[in-house]
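Student: Below are the structure tokens for one structure; questions will follow.
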Amino acid sequence: MKQKLIVANWKMAPATQAEAQRILEFIDDYLSTIPEQKLFSLVVCPPFIFIEEVAKMLATYHLAHYSSLGAQDIFWENQTPHTGEISGPMLAKLGVRYVLIGHSERRWEMGESDNVVNQKLKAALQNELIPIVCVGEQIRDEEFRSFLQNQVRATFADLNFQEISKCIIAYEPVWAISSSPGARPDTPESALQSIQIIQETLGVTDNIILNGGSVTSGNVADFISLEQIQGVLVGGASLKKDEFVKILSVAATFHK
Ligand code: PGA
């Protein structure tokens, strides 16, 4: 991949559509100052209620050259009645191209099992959405290797190599996510160790790999300067418009 991929996970924010528009306009202003030739790729994953409006904005101005729409979740079935859920066909109809699967907040706070994550992953592929599959250990202790191996095996269960190759893999250890108590960013060395475990477990080496957890403009280069890491998944910092544009401007310097 020539450009680095920056995924903005807005989670349950911002509070209003007007604020969502302000963030995107700010990014658009920045994009107007750099070449139209893509220096990085941007995916914005807003909360569902803003998806339609964000889709419209991403299709206009300079954002249209640089960005795609992502969703934060998907239901595992396409049609059956399920209160509160959003299906793959609904997302596709709204112009969604990417979908986060198995984010740790869903796994650990909403009790999403590996099996549920696996079903959602299959639903995304079936609907031709690009899954951004999040994996990562809760604690980096002496068990973390086998934890990661088991989680990865169960998450990607029953998928063939061709299907796995369509997935973007986001390594995001729970302890590094800014909302975790005592969160601290990962180091490039330990991220690389985990990425190697993930790739060996799946028997693949050519998936797009993202790193995530407390990414800021101050540490993003440490990760995306590595050949093995093609981008980052950014939570909290993606809602701070000045900080996020700084992250994008760092990513632009890694264009090949
Ligand atoms: P953070 O979140 O960047 O705020 O740590 C990342 C994520 O949860 O995807």
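So the sequence shown is residues 27 to 282, counted in the numbering used here.
We treat Cβ as the ideally placed atom computed from N, Cα and C, and that holds for glycine.
On a predicted model such as this, the values are computed, not experimentally measured, just so you know.
On the three-state DSSP scale, how would you describe F74?
Tutor: Under the three-state reduction of DSSP output, F74 falls in the helix class.
Student: For V200, is the beta carbon positioned less than 7 Å from some heavy atom of ligand 1?
Tutor: No.
Student: Quick check on M38: buried or exposed, where buried means 16 or more other Cβ atoms within 10 Å of its Cβ?
Tutor: Taking every protein chain shown into account, the CB of M38 has fewer than 16 other CB atoms within 10 angstroms, so this residue is exposed.
Student: Return yes when the C-beta of I203 is under 7 Å from any heavy atom of ligand 1, and no when it is not.
Tutor: yes
Student: Does the beta-carbon of L259, which I'm using as the reference point, lie nearer than 7 Å to any heavy atom of ligand 1?
Tutor: Yes, since a heavy atom of ligand 1 falls inside the 7 Å radius drawn around the Cβ of L259.
Student: Would a C-beta distance cut-off of 8 Å place C160 and E103 closer than the cut-off?
Tutor: no
Student: Could you say which of E169, S130, I75 and I60 lies nearest to A44 if we only look at CA atoms?
Tutor: I75
Student: So does V246 have its beta carbon nearer than 7 Å to some heavy atom of ligand 2?
Tutor: This structure does not include ligand 2; its bound ligands are ligand 1.
Student: Could you check whether the region 141-157 touches the region 198-208, counting it as contact only if at least three pairs of C-beta atoms, one from each stretch, sit closer than 8 Å?
Tutor: No contact exists between the region 141-157 and the region 198-208.
Student: Would you mind stating whether V241 and V260 have Cβ atoms separated by less than 8 Å?
Tutor: yes
Student: Expressed to the nearest angstrom, what Euclidean distance is found between the alpha-carbon atoms of G257 and K28?
Tutor: 11 Å
Student: Quick check on S172: buried or exposed, where buried means 16 or more other Cβ atoms within 10 Å of its Cβ?
Tutor: Under this definition S172 is an exposed residue.
Student: Tell whether a beta-carbon distance below 8 Å holds between G96 and R133.
Tutor: no
Student: Would you kindly work out how many angstroms separate the C-alpha atoms of A183 and I224, rounded to a whole number?
Tutor: 13 Å
Student: Does the distance from the C-beta atom of A217 to that of I255 stay below 8 Å?
Tutor: yes
Student: Start and end of the alpha helix (DSSP H) containing K146?
Tutor: In the DSSP assignment, K146 falls within the unbroken alpha helix (DSSP H) covering D140 to Q152.
Student: Looking at C-alpha atoms only, which residue of I100, S139 and Q188 is the closest neighbour of D232?
Tutor: Q188
Student: Is any heavy atom in ligand 1 found nearer than 7 Å to the beta carbon of N237?
Tutor: False, no ligand heavy atom lies under 7 Å from that Cβ.
Student: Among the residues of its own chain, which have a CB less than 6 Å from the CB of L57, if the five just before and after it don't count?
Tutor: H88 and Y92
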